[in-house]
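The structure appears below as structure tokens.
Chains as they are written, first to last, in the working numbering: chain A, 1 to 1003; chain B, 1 to 390.
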């Protein structure tokens, strides 16, 4: 009974204080900012089964997407043997940078996320990335999710089975990949590496890689195995059998009619039988090329020889931390001469907000200017860093260009070529003259372009593109753009994936990476190839495919394969010493490596291919939905609120009566506006009037602009448990209060890492505390302003690097009777020093102060801050607090040692040494019961206790020190166990030993 | 005294909970003479249904339905659902006559001999049941593997097939096994998903998920012939006197000679992901429907397309051929009434959910089952009925 009551009171206290009067209660929170830079003019294209949300600039892309969606709808109707009962809202963005602004999900969207399906409203959200084939594939992927969800929910409901069970994540993502189309070359890269590195995860342990890219690809491989071994129908049958058992292993057994482990074993053998023969003739990258980077992720290398002869390899990487640009000095044999040093610190401020780690190359000019791209606010910018002078030279930003990739210098270092995606969502090739600031668009079509490389004579730009005749199947070939006349010519042609061309210093060769189909249709590993760029042999025949081509380079060209690796190589760079610097993928790491003597490799290639450029076929084009003749309709988007969630709770107690509440949330389709309504009642004693204890709050939030703002009205009444109220009894701060009011708030992000928040509220408060004979009315006006900064980097258990801080100034006053008038000052700074790759020293300093009439109390104590003391046991109007913690690894993958831990998904167990200290004090918060009848004090202790409320631990410096363990369960729940001793009286007195166990991230 | 009262209270609760359902009905309403499901073998019924159709009644079936969840006997409609219930409904009024639970899901139709109801459950400890509808109690029940394929009655036998490829014959009276055959093996397991069919000369037509069709002597269990059609079979075939129309999951329909199993003709669509629904076959035409929404009438001898109708929605439920019409239910929640001779759409009716279950005829009306749990009767109302409704 009591527990119910306390729970209800705590909920009320939380809702009350968190939502109603943030300023008055001195609340603040950290976190980065998701900024809506652009004001999109949303339109809706209505097709037979879809509502396509788009903005006018990307209409053509939306029409492609609509066609793809309708096409896959028909196909998935067959595969799932069902149809959808609802129209599918599909929201398109022109680029990943626009996609990052979506309000459909509150979470941050990193680079590389191709789209997502959201369950509440069944929305599909997809950005373009310049590649229409890939765009189509993502549409298919997400539509498989939509159908899977509809199918499974229907199956469960048909059988009247609770819908709290679902397919495992590896299943849903695996089937989405498998039914998106033929396996891509990245699939082969991951699968081969997993098998050859002995990191292939058995079916029964797929939970260990839950959410990872490997999980997607292994899931895809599993369904290929199921399809080829048992029949494609078994996939749907698994979904249709989900109602039969909660244990998906059992569902698999029923469907495949064999023990789950037998299936797992068969899959394992099937995979090895396919791939192990390939290992005979392949080399692991680490066996053929020396490494230049050894920690974390490292890719996109470039090479520069300084004027003083120093050689450095420069690359983007993260060393398990923030992404930076690193430089490592190498000797003449390309052996690292020391540790890599950070050249550009990324991901900590608005200027270098994010690198496109997997997508954007860097380049160095002859005179040592490093060009690279970062996201900086609303769009990408090109930075130029002077390697010789070790300083930033310039940053180029272009109003109409959203995403920018792979800048490449011209030979004299005065111009850049790069790929960019504009508002239309299509990728094109640009050049930019840094002297004249002239931007020139070289291509203007729907084909993808990537990885430009300027020829040493300055006449050509080599690039990779799907403008090839077979491009709609996702193939990429190499082309050159002739800057003298604007003609584009094939360099390679055919069913290949050719990327990242780089010229030899003499301009006679183009080096690139390529994956090609093998005898069984699977993609080969991505190897380093070289194309001879001297005019090809054979007849010089003009291509019929490209109207803008000329016959100079047409004919047959010889391509040499220089490597045959187990997984993949990336971004080769041809040094003036005749070496090749490149990145490789091995053991699920990207590493920068170097190969010696490229001339020798060309002289003895792994194999040679002749590509025929004389007959390159017609250029491809996808169909797209356009015009009302196809039954489509276009309307302007108007916000309509739809229910997101409704939930309620009720507790019935024969003594305390009924306590309960309900909450509903509405939002529009784009998630730009929210309405929350909450009602609850604490009329628990039965003798209290229902309306007197009735509380309600309605608030509305607008998230569609850079500044987010919200407002609302509220009414709270009845019993209230508030440990921060200075008038309330300290031991059991329960009283009645009725509050009517309105609130408003604005949050303006200065950058992704910093924001200003303004809060205001005006409320009528009628407080009654019978035990203290307090009956106070006040019209409270409360205002606050906060500045918050957060660039902390998180790992499994909490922040590991970076800084978080918040400073708040607030003023609360009773504008009617002057019963209340106090200022609030809050400063909170948390620093995370990474003193070793896996060791962090975290420091937290906090000072909080309320001063004035009826100023509220701050609280501390508990596992979150002052350990060893009970939750909220330390209270005072003024308080300082500090905590320091050394966080270090103890055991990695404890499940390997203790197998019973495996199902809990514990990646590691970390240790902590901690020290906490705090001091709280009050100006006018005395314990009157220590006075004697005459109003004086009987002794010194009574006098001391009068101003030192022992119940609140006020008036003394408290602290604790000890050790702790941290572990993360299932990638989300952090368990913390602390063991230590607490101290009192300014650390002069040792107090009791304590043990605390709790859930929650480290501070 | 207090303890006794409490016990009685508990007993009352148990009785209330346990006694809520029963399938004790007046079996005189059932048709004891005609095999109740002869129409199901072909998907064709020789009745004239007048248009226009109107909804006569709608019944809440309690849960979702399998592809053949309906049996009509006399004036009673038996509906089995995926929650394991069998409902008996008065076909005239749509009122519930009885309800009983069997296992955890009954995927296919029940069968009756006029007194006993026979059914196979797809989950639960006991999966084959004989239920005495006069007494309202289970006569016998047998352990078995899960079955989606339903029950076929032949003489004094009931025939079942399970998801693991075993076909069994039980005595109707006792449930004792008479014979059984395994159509799969440990090395090459298979299963029966599609409902069974019975030919007029007493042979069972069974299909497996590996694409093999079997003609089995129902009395002995001897396999007369078997034929591989090249694609998995998850939907029941349709039978005529001389042909077996086999729908597959990979864009093809294969027609076999009923006597020999020889392939007569096939209809193969360019898209192999398309699934065929159970066809409906009459002497002069066979009607196929697919998940791309295409309904086609074929000449049964040559396979020549006589007419076609393109539904905007996918179709997975078996159509029904009557004297003048073809009835087709779609996943787009539509009941289409097509002209039997031309395929022209005469009427369409929207129902509450996707139609995934074979359409049945009762008297001069059609019975349609749809998601999430609805059963409709559509018929032409007489002038008196219209007046009554007013």
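The C-beta atom is built at its ideal place from N, Cα and C for all residues, glycine as well.
State the Cα-Cα distance for the pair residue 559 of chain A and residue 339 of chain A, rounded to the nearest angstrom.
-> Numbered from 1 along the first chain, position 559 holds the residue referred to as residue 559 of chain A. Numbered from 1 along the first chain, position 339 holds the residue referred to as residue 339 of chain A. Roughly 37 angstroms separates the two Cα atoms.
Beta-carbon contacts of residue 801 of chain A that lie in its chain and below 8 angstroms, excluding the five residues immediately before and after | Position 801 of the first chain, counting from 1, holds the residue named residue 801 of chain A. So the qualifying residues of the chain are 321, 322, 792, 793, 832, 833, 834, 840.
Short Cβ contact (7 angstroms threshold) for residue 63 of chain A with residue 624 of chain A = Your numbering for residue 63 of chain A matches position 63 in the first chain. Your numbering for residue 624 of chain A matches position 624 in the first chain. Cβ distance < 7 angstroms, so residue 63 of chain A and residue 624 of chain A count as in contact.
Return the first residue and the last residue of the beta strand (DSSP E) that residue 712 of chain A is part of.
-> Position 712 of the first chain, counted from the start, is the residue given in the question as residue 712 of chain A. Per DSSP, residue 712 of chain A belongs to the beta strand (DSSP E) from 708-716.
If we ignore side chains and look at the alpha-carbon of each, how far apart do residue 493 of chain A and residue 274 of chain B end up?
-> The sequence position of residue 493 of chain A within the first chain is 493, counting from 1. The sequence position of residue 274 of chain B within the second chain is 274, counting from 1. Their backbone Cα atoms lie some 35 angstroms apart in a straight line.
Beta-carbon separation (whole angstroms), residue 572 of chain A vs residue 511 of chain A, contact threshold 8 angstroms = Indexing the first chain from 1 puts residue 572 of chain A at position 572. Indexing the first chain from 1 puts residue 511 of chain A at position 511. With 8 angstroms as the limit, residue 572 of chain A and residue 511 of chain A qualify as a contact, their Cβ atoms being about 5 angstroms apart.
Of the residues A:442, A:306, A:408, which one's Cα is nearest the Cα of residue 503 of chain A?
-> The sequence position of residue 503 of chain A within the first chain is 503, counting from 1. Ranking the options by Cα distance to residue 503 of chain A, first place goes to A:408.
Best match in A:613, A:562, A:975, A:612 for proximity to residue 597 of chain A [C-alpha to C-alpha] | Position 597 of the first chain, counted from the start, is the residue given in the question as residue 597 of chain A. It is A:562 whose Cα lies nearest to the Cα of residue 597 of chain A.
Can you tell me the Cβ-Cβ gap for residue 527 of chain A and residue 569 of chain A, rounded? I've got them flagged as a contact below 8 angstroms.
-> By one-based count along the first chain, residue 527 of chain A stands at place 527. By one-based count along the first chain, residue 569 of chain A stands at place 569. The Cβ separation is near 6 angstroms, so the contact holds.
Is it buried or exposed for residue 1013 of chain A, if we count other Cβ within 10 angstroms and need 16 for buried?
-> Residue 1013 of chain A is absent from the structure shown; chain A starts at 1 and stops at 1003.
Measure from the alpha carbon of residue 349 of chain A to the alpha carbon of each residue in A:936, A:804, A:818, A:991, then state which is nearest.
-> One-based indexing of the first chain puts residue 349 of chain A at position 349. Ranking the options by Cα distance to residue 349 of chain A, first place goes to A:804.
Pair every Cβ in the region 165-180 of chain A with every Cβ in the region 129-144 of chain A, then say whether three or more of these pairs are closer than 8 angstroms.
-> yes
Can you list, in chain order, the residues of its chain whose CB lies under 8 angstroms from that of residue 116 of chain B, leaving out five sequence neighbours each side?
-> In the second chain, counting from the first residue as 1, residue 116 of chain B sits at position 116. Result list for residue 116 of chain B: 130, 131, 132, 133, 139, 172, in chain order.
Chain B residues whose Cβ lies nearer than 7 angstroms to that of residue 231 of chain A = Sequence index remark: in the first chain, residue 231 of chain A carries index 231 (1-based). What residue 231 of chain A touches in chain B: 232.
Could you list which residues in chain B have their beta carbon closer than 7 angstroms to that of residue 77 of chain A, in chain order?
-> What you label residue 77 of chain A is simply residue 77 of the first chain in a count that begins at 1. By Cβ distance, chain B contributes 291, 314.
Boundaries of the beta strand (DSSP E) in which residue 559 of chain A is found, first to last residue | In the first chain, residue 559 of chain A corresponds to position 559, counting from 1. It spans 556-561 - the beta strand (DSSP E) in which residue 559 of chain A sits, taken as one unbroken run.
Between the region 155-174 of chain A and chain B, which residues of the former have CB atoms less than 7 angstroms from a CB of the latter, in chain order?
-> 157, 158, 159, 160
Please determine, among B:79, B:102, B:83, B:101, the residue with the shortest C-alpha to C-alpha distance to residue 91 of chain B.
-> Counting from 1 along the second chain, the entry for residue 91 of chain B is found at position 91. Nearest C-alpha to residue 91 of chain B: B:79.
Distance CB(residue 351 of chain B)-CB(residue 289 of chain B) smaller than 7 angstroms = Translated into the one-based positions of the second chain, residue 351 of chain B becomes position 351. Translated into the one-based positions of the second chain, residue 289 of chain B becomes position 289. It is not a contact, given that the beta carbons lie outside the stated cut-off.
Residues in the region 39-67 of chain B having any Cβ partner in chain A nearer than 7 angstroms | 63, 64
Within the 7 angstroms Cβ cut-off, does residue 67 of chain A reach chain B?
-> Locating residue 67 of chain A in the first chain gives position 67, counting from the first residue. No, no contact with chain B.
CA-CA distance, residue 550 of chain A and residue 480 of chain A?
-> Counted from its first residue, the first chain places residue 550 of chain A at position 550. Counted from its first residue, the first chain places residue 480 of chain A at position 480. Note that residue 550 of chain A scores a pLDDT of 47, beneath 50, so its modelled location is shaky and nothing firm can be said.
Answer yes or no: do residue 368 of chain A and residue 410 of chain A have a C-beta to C-beta separation smaller than 7 angstroms?
-> Working through the first chain from its first residue, we reach residue 368 of chain A at position 368. Working through the first chain from its first residue, we reach residue 410 of chain A at position 410. No.
How would you list, in chain order, the residues of chain A whose beta-carbon sits under 8 angstroms from the beta-carbon of residue 240 of chain B?
-> Counting from one through the second chain, the residue named residue 240 of chain B turns up at place 240. Result: empty, since nearest Cβ-Cβ is about 26 angstroms, beyond 8 angstroms.
Nearest-angstrom Cβ-Cβ length linking residue 111 of chain B and residue 53 of chain B, presumed shorter than 8 angstroms = For the purposes of this step, residue 111 of chain B is identified with residue 111 of the second chain, where counting begins at 1. For the purposes of this step, residue 53 of chain B is identified with residue 53 of the second chain, where counting begins at 1. Actually they are not in contact, since the Cβ atoms of residue 111 of chain B and residue 53 of chain B sit about 28 angstroms apart, beyond 8 angstroms.
Three-way DSSP call (helix, strand, coil) for residue 884 of chain A in this model | Your numbering for residue 884 of chain A matches position 884 in the first chain. Strand, per DSSP.
Check the Cβ-Cβ distances between residue 180 of chain B and every residue of chain A, and say whether any is below 7 angstroms.
-> The residue labelled residue 180 of chain B in the question sits at position 180 within the second chain. No, no contact with chain A.
Quick one, which residues of the region 126-152 of chain B are near chain A if we go by CB-CB under 9 angstroms, in chain order?
-> 146
Would you call the CB atoms of residue 72 of chain B and residue 322 of chain B closer than 7 angstroms?
-> The residue labelled residue 72 of chain B in the question sits at position 72 within the second chain. The residue labelled residue 322 of chain B in the question sits at position 322 within the second chain. Against a cut-off of 7 angstroms, the Cβ pair of residue 322 of chain B and residue 72 of chain B comes out as no contact.
Near-chain B residues of the region 77-94 of chain A (beta-carbon distance less than 8 angstroms), N- to C-terminal order | 77, 78, 79, 81, 82, 83, 85
State the beta-bridge partners of residue 205 of chain B as determined by DSSP.
-> Here residue 205 of chain B is taken as the residue at index 205 of the second chain, counted from 1. BP columns for residue 205 of chain B point to B:197, B:215.
Flag residue 331 of chain B as yes if its beta-carbon sits less than 7 angstroms from any beta-carbon of chain A, otherwise no.
-> Stepping through the second chain from its first residue, residue 331 of chain B is reached at position 331. With 7 angstroms as the cut-off, residue 331 of chain B counts as an interface residue toward chain A.
How about residue 330 of chain A and residue 342 of chain A: are their beta carbons less than 7 angstroms apart?
-> Numbered from 1 along the first chain, position 330 holds the residue referred to as residue 330 of chain A. Numbered from 1 along the first chain, position 342 holds the residue referred to as residue 342 of chain A. For residue 330 of chain A and residue 342 of chain A, no; Cβs fall outside 7 angstroms.
Exposure label - residue 325 of chain A; buried when at least 16 CB within 10 Å = As a working note, residue 325 of chain A is residue 325 in the first chain. So residue 325 of chain A ends up on the buried side.
Roughly how many whole angstroms lie between the Cα atoms of residue 546 of chain A and residue 488 of chain A?
-> The residue labelled residue 546 of chain A in the question sits at position 546 within the first chain. The residue labelled residue 488 of chain A in the question sits at position 488 within the first chain. For residue 546 of chain A, the predicted model reports a pLDDT of 43, less than 50, meaning its position is unreliable; a value from the coordinates is still stated below. Between residue 546 of chain A and residue 488 of chain A, the C-alpha separation is close to 8 angstroms.
Determine the extent of the beta strand (DSSP E) in which residue 767 of chain A is found, giving its start and end residues.
-> In the first chain, residue 767 of chain A corresponds to position 767, counting from 1. Residue 767 of chain A -> beta strand (DSSP E) spans 754-769.
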